[in-house]
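Novice: Quick one: the structure is below, and I'll ask about it shortly.
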Amino acid sequence: KAGGFEVLGTAVSARSLAFGRLCELGLDRVVVLATAGGDERLRVELDEIIRRLPGTPILVLGGPVTLAPSEAAFVSRVALPGPWEARVEQVVAEVVGPSLGAPRAAVVAERRGSRRPSLKPDTVRHARPDVFLAPPPARVSLRVPRVEVLVLASSTGGPNALGQVIPSLPADLPVPVLIVQHMPAGFTRNLAERLDERAQLRVREAEGGELLAPGTVWIAPGDRHLTVVRDGALVRTQLDDGPRVNSCRPAADVLFASAAVAFGAGTLGAVLTGMGRDGLDGARAVTAAGGRVLAQSGETCVVWGMPRAVEEAGLAHALVPLDDLGARLTDAVLGRDDAPVADVGAT
């Protein structure tokens, strides 16, 4: 709270789980901090905000935006010359004027800027009635459900990435792990054997019918979809020869969607390096069920295709460098991350 108005939270995208939760709290204002991305990126965010909160006043701070006549009545924009991201406090003091009322507000902040805006909470001031300005914190802290399963997706560059992530997971990891790596039949068994030699967890190629248990990693066999199916308190693996999805079999979309059904909000996903868009619909299913999805950061990917699709759809709760991914997944599973759901300012 500051000067009579309350900042309910921030979100990296209007299509993120965090923003969906904020919408349920009853918002009087929404602010978009447009650090980069251009008109097309802003257009996508505004369309989603308007869809979720029709008629709610919106402020766009920085960045160009083309408004439809029907939007002009409730979308305002403050145009700022020059690189303003590093001087948000000055912007608050000089650009935003004195009188907001007492709204309950949320902030949507794009992550693709080269610099991260910073503003101490106690520097937030009142603004004119249709304007609200507040900073995104480095992380958005919202309580999230306990993780019950970890699902990973990878393609081009994936074996090496998995060779770094899987061995970094602790032997006492209290959840099962399932992986879709795009590889032909026969190669996935070799991958499982190599990872098993290096990992603290047991790594196996799934054969179908295995009972999920903590401390074991199952890799989808080449040319077969891997899913999980719940039977009361038990969850088992299941293989099928269904149609290719995104030209892939196995497909991450298939695995992620089944995990979302079986585990709901207890699903934690990670989309690693790879070409194409496999994992996008699966990430959407996980997020819709209340779970979380991390994506490998672009600069550490061999091909930033799959994680980029998830990030650009607003479904990545954090972009994480490969070197940090194993630790971040472990922290999330063990609840040591204080349940952060987003990193703002990642590239």
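Residue numbers (my numbering): 18 to 364. Where is the CB? At the ideal position from N, CA and C, for every residue including glycine.
(1) Helix, strand or coil: which one does DSSP assign to Thr205?
(2) Starting from the Cα of Thr233, find the closest Cα among Ser275, Pro324, Ala312 and Glu165 and give me that residue.
(3) Work out the CA separation of Ala330 and Ala230 for me, nearest whole Å.
(4) Return the chain-ordered ranges of every alpha helix (DSSP H) run that is complete within the region 303-335 and spans a minimum of 4 residues.
(5) Between the Cα of Val197 and those of Arg69, Val77, Arg301 and Ala287, spot the shortest distance and give me the residue it belongs to.
(6) Going by C-alpha to C-alpha distance, which of Glu224, Pro238 and Ala170 sits closest to Gly203?
(7) Grab me the residues of Ala110's own chain with a C-beta within less than 6 angstroms of its C-beta, minus the 5 sequence neighbours each way, in chain order.
(8) Assuming Ser171 is part of the beta strand (DSSP E), what are its boundary residues?
(9) Determine the burial state of Pro152: buried for a count of at least 16 other Cβ atoms within 10 Å of its Cβ, exposed for fewer.
(10) Looking at Ala312 and Ala277, is the spacing between their C-beta atoms short of 9 angstroms?
(11) Going by DSSP, which residues form a beta bridge with Glu222?
(12) What three-state label does DSSP hand Val77 in the structure shown?
(13) Rounded to a whole number of angstroms, what is the C-alpha to C-alpha distance between Val262 and Asp295?
(14) By the DSSP assignment, the alpha helix (DSSP H) with Gly343 in it spans what residues?
(15) Thinking C-alpha only, which one of Ser275, Ser314 and Ala250 is nearest His242?
(16) Does DSSP put Arg69 in a helix, in a strand, or in coil?
(17) In whole angstroms, what separates the C-alpha of Glu222 from that of Leu212?
(18) Going by DSSP, what residues sit across from Cys265 in a beta bridge?
(19) For Gly299, count the other beta carbons within 10 Å of its own beta carbon; 16 or more makes it buried, fewer makes it exposed. Which is it?
(20) Whose C-beta lies closer than 7 angstroms to the C-beta of Ala302 among residues of the same chain, with five residues either side of it excluded?
(21) Using the Cβ count rule (16 or more neighbours within 10 Å means buried), how would you classify Ser264?
(22) Taking Gly286 as part of the beta strand (DSSP E), name the residues at either end of that continuous run.
(23) Going straight from the alpha carbon of Thr140 to that of Leu63, what length do you get?
(24) So what does DSSP say about Val182, is it helix, strand or coil?
(25) Which of the three DSSP states is assigned to Asp248 in this structure?
(26) Give the straight-line distance between the Cα atoms of Ile66 and Arg219, rounded to the nearest whole angstrom.
(27) What would DSSP say about Val192, mapped onto helix, strand or coil?
(28) Could you spell out the range, first to last residue, of the beta strand (DSSP E) harbouring Arg46?
(29) Go to Arg38, then tell me how far its alpha helix (DSSP H) extends in each direction, as first and last residue.
(30) In the DSSP assignment, what residue or residues form a beta bridge with Asp257?
(31) Are the beta-carbon atoms of Thr347 and Leu186 separated by less than 9 angstroms?
(32) Which of the three DSSP states is assigned to Gly281 in this structure?
Specialist: Put simply:
(1) DSSP places Thr205 within a helical segment (H, G or I) once states are collapsed to three.
(2) Ranked by how close their Cα comes to the Cα of Thr233, the residues Ser275, Pro324, Ala312 and Glu165 have Glu165 in first place.
(3) Rounded to whole angstroms, the separation of the alpha carbons of Ala330 and Ala230 is 32 angstroms.
(4) Runs found: 323-329.
(5) Looking from the CA of Val197, the closest CA among Arg69, Val77, Arg301 and Ala287 belongs to Ala287.
(6) In terms of CA proximity to Gly203, Pro238 leads the group Glu224, Pro238 and Ala170.
(7) Caution is warranted here: a pLDDT of 42 is assigned to Ala110, below 50, making its placement in the model unreliable, and the coordinate value is therefore given only provisionally. Cβ neighbours of Ala110 beyond the five flanking positions: none.
(8) Ser171 -> beta strand (DSSP E) spans Val166 to Ser171.
(9) Any reading at Pro152 must be qualified, since the residue scores a pLDDT of 34, below 50, and its modelled position is unreliable; no value is offered.
(10) Judged by beta-carbon spacing, Ala312 lies beyond the 9 angstroms limit of Ala277, meaning their Cβ atoms are not closer than that value.
(11) DSSP output for Glu222 lists Ile236 as bridge partner(s).
(12) DSSP places Val77 in the strand class (E or B) of the three-state scheme.
(13) In this structure, the straight-line span from the alpha carbon of Val262 to that of Asp295 is close to 8 angstroms.
(14) Unbroken alpha helix (DSSP H) run through Gly343: Leu339 to Leu351.
(15) The shortest C-alpha separation from His242 is found at Ser275.
(16) Here Arg69 sits in helix by DSSP.
(17) Whole-angstrom Cα-Cα distance: 11 angstroms.
(18) BP columns for Cys265 point to Val262.
(19) Classification of Gly299: buried, given that the 10 Å Cβ count is 16 or more.
(20) Excluding residues up to 5 positions away in sequence, Phe273, Ala274 and Ala277 lie with their Cβ nearer than 7 angstroms to the Cβ of Ala302 in the same chain.
(21) Its Cβ having fewer than 16 others within 10 Å, Ser264 is exposed.
(22) Gly286: member of the beta strand (DSSP E) spanning Thr284 to Val288, first to last residue.
(23) A caution first: Thr140 carries a pLDDT of 32, below 50, which makes its placement in the model unreliable, though a value can still be read off. Taking the straight line joining both Cα atoms gives about 27 angstroms.
(24) Helix at Val182.
(25) For Asp248, the secondary structure class from DSSP, reduced to helix, strand or coil, is strand.
(26) Answer to the nearest angstrom: the Cα atoms are 44 angstroms apart.
(27) Val192: coil per DSSP, three-state reduction.
(28) It spans Arg46 to Leu50 - the beta strand (DSSP E) in which Arg46 sits, taken as one unbroken run.
(29) Its alpha helix (DSSP H) spans residues Leu34 to Cys40.
(30) In DSSP, Asp257 forms a bridge with His242.
(31) Yes, these two residues count as a Cβ contact at 9 angstroms.
(32) Note: Gly281 maps to helix in three-state DSSP.
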